[in-house]
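Below is one structure, written out as structure tokens; the observations come after it.
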Amino acid sequence: MKTDFERLVESVRRASRVAVLTGAGISAESGIPTFRVAGGLWEGHRIQDVATPEAFARDPRRVWEFYEARRRGAAKASPNPGHVALAEMEDRFSEFLVATQNVDGLHRRAGSRKLVELHGSLARRRCPSCATCVEGLEPLETLPPPCECGGRFRPDIVWFGEILPAVAWSAAEEAARRSEVFLVVGTSAEVYPAAGLALIAADSGAKVFEINPEATSLSSLFAGAIREPAAIALPRLLGALIESST
Ligand code: BV8
Ligand code: ZN
Numbered sequence: 442m443k444t445d446f447e448r449l450v451e452s453v454r455r456a457s458r459v460a461v462l463t464g465a466g467i468s469a470e471s472g473i474p475t476f477r478v479a480g481g482l483w484e485g486h487r488i489q490d491v492a493t494p495e496a497f498a499r500d501p502r503r504v505w506e507f508y509e510a511r512r513r514g515a516a517k518a519s520p521n522p523g524h525v526a527l528a529e530m531e532d533r534f535s536e537f538l539v540a541t542q543n544v545d546g547l548h549r550r551a552g553s554r555k556l557v558e559l560h561g562s563l564a565r566r567r568c569p570s571c572a573t574c575v576e577g578l579e580p581l582e583t584l585p586p587p588c589e590c591g592g593r594f595r596p597d598i599v600w601f602g603e604i605l606p607a608v609a610w611s612a613a614e615e616a617a618r619r620s621e622v623f624l625v626v627g628t629s630a631e632v633y634p635a636a637g638l639a640l641i642a643a644d645s646g647a648k649v650f651e652i653n654p655e656a657t658s659l660s661s662l663f664a665g666a667i668r669e670p671a672a673i674a675l676p677r678l679l680g681a682l683i684e685s686s687t
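Laid out in structure tokens, this is it:
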């Protein structure tokens with residue numbers, strides 16, 4: 442009886458179009474807390490108090506304090522072998538895309554280029570008044586950071602109730618629809634429309650595999666599950682691909 446990992450390797454070896462959805466779990470081994478585990482990000486902060494446009498309108502300083510703490514955490518963190526394995530995999534397929542829910546920028550820092558950030562990035566801020574956008578993870582002393590136009594910057598992050606960036610979303614949707622193998626890595630798959638990408642892939646005939654130490658609300662729909670940390674399972678998968686190509 443083949444293990445799910447052996448079936449994953451077989452499917453990926455045969456595939457030319459692969460897509461990946463990642464969540465906070467892939468950055469856990471980089472020291473960035475996930476959202477829902479004890480001591481996770483939302484602990485002590487109700488989502489609606491820090492990650493909604495209403496919260497920002499009500500108390501922009503509080504929202505910025507929440508994001509500035511995460512910006513400094515992301516600046517201190519480094520990509521782990523899970524991020525690196527995905528970056529090294531991207532040129533092994535005729536079509537490959539990582540669609541991440543993470544705003545920590547670690548996929549990009551690991552060298553991923555075939556990447557879309559569905560929920561924005563901690564490294565960007567934009568001014569709703571004049572649309573100026575600034576890139577950088579340097580510590581911000583003044584919160585909210587003022588804009589020359591007299592406005593104030595907001596984190597360039599997709600908050601609850603806000604639509605996802607159209608270009609990133611349509612690229613992710615297209616990649617999921619066309620994928621032969623779709624990996625769901627380190628996400629509880631509870632936030633939509635991102636989690637819906639796995640369903641789009643499954644409905645389009647892709648083999649969907651989950652890489653997560655724990656089961657999620659969608660696990661029963663998938664072809665297989667690798668119950669290991671991403672920083673272990675993804676380098677192992679890359680190793681199996683390299684082995685088979687030499
Ligand atoms: C919108 C940026 C509408 C902010 C984020 C359909 C059904 C139900 C609800 C909705 C629906 N459609 C829309 C909604 C509402 C809402 C939603 O989904 N609510 C949820 C809570 C039910 N969605 C929205 O509001 C979206 N917008 O729908 O707009 C619209 C349409 C038209 C016009 C106007 C508006 C916007 C959603 C995006 C919100 N922003 N992030 C920030 O980061 O501060 S979401 C944020 O939470 C993350 O980006 C991520 O998406 C989510 C957290 O989930 P995960 O990343 O999965 O993290 P979690 O901790 O939950 O799980 C970690 C997993 O990793 C666990 O399973 C664990 O076992 C595993 N793990 C741990 N260690 C490891 C590991 N795995 C591998 N290796 C390890 N080492
Ligand atoms: Zn401005």
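Numbering (our numbering), first residue to last: 442 to 687.
We treat Cβ as the ideally placed atom computed from N, Cα and C, and that holds for glycine.
Here the structure is a predicted model, which means the values were calculated and not measured.
So, with DSSP's three-state summary, where would you put residue i?
| i | result |
| --- | --- |
| E495 | helix |
| A630 | coil |
| V599 | coil |
| E614 | helix |
| I652 | strand |
| G646 | coil |
| V453 | helix |
| E587 | A quick correction: the sequence has Pro, not Glu, at residue 587. Note: P587 maps to strand in three-state DSSP. |
| R448 | helix |
| A637 | For clarity, residue 637 is Gly in the given sequence; the question names Ala instead. Reduced to three states, the DSSP call for G637 is helix. |
| I467 | helix |
| R487 | coil |
| L462 | strand |
| G472 | coil |
| L675 | helix |
| E579 | coil |
| G592 | coil |
| E536 | strand |
| L682 | helix |
| A666 | strand |
Apply the 10 Å Cβ neighbour rule to residue i and answer buried if 16 or more other Cβ atoms are within range, or exposed otherwise.
| i | result |
| --- | --- |
| C590 | exposed |
| M530 | buried |
| R455 | exposed |
| R499 | exposed |
| I473 | buried |
| R566 | buried |
| F601 | exposed |
| V608 | exposed |
| G466 | buried |
| A643 | buried |
| R554 | exposed |
| K648 | buried |
| G485 | exposed |
| E631 | exposed |
| S468 | buried |
| G680 | exposed |
On a CA-only basis, which of the options is nearest residue i? Give me that one, please.
| i | options | result |
| --- | --- | --- |
| R511 | L563, R487, S519, P520 | L563 |
| V525 | G546, F507, S535, A642 | G546 |
| L678 | V453, C571, T444, K443 | V453 |
| R668 | S661, W505, A656 | A656 |
| T687 | Y508, I604, H486, R533 | R533 |
| R618 | A609, L624, V625, G646 | G646 |
| A540 | R550, R502, E558, F623 | E558 |
| P580 | R503, E509, I683 | E509 |
| G561 | V599, G552, F594, G592 | V599 |
| A651 | G464, G514, M442 | One point to set straight first is that residue 651 is Glu, not Ala, in the sequence displayed. Of the listed residues, the one whose Cα sits closest to E651 is G464. |
| K517 | V575, R550, P585 | R550 |
| V626 | P676, E536, S685 | P676 |
| D445 | A674, S685, I683, A515 | A674 |
| L638 | S685, F663, E603 | F663 |
| A612 | T475, G680, F537 | F537 |
| P569 | A666, T583, G592 | G592 |
| R507 | V491, E582, N653 | The residue asked about is misnamed: residue 507 is Phe in this sequence, not Arg. Residue V491 is the option with its Cα nearest to F507. |
| L462 | A681, A616, P522 | A616 |
Contact set, the ligand ZN heavy atom to C-beta under 6 Å: This selection yields C568, S570, C571, T573, C588, C590, G592.
Those runs of the beta strand (DSSP E) which lie wholly inside the stretch 502-528 and span at least 3 residues: Counting whole runs of 3 or more residues, the stretch 502-528 contains no beta strand (DSSP E) stretch at all.
For the stretch 545-577, list the beta strand (DSSP E) runs that are entirely contained and at least 3 residues long, ordered along the chain. Fully enclosed beta strand (DSSP E) runs of 3 or longer: 556-558, 561-567, 574-576.
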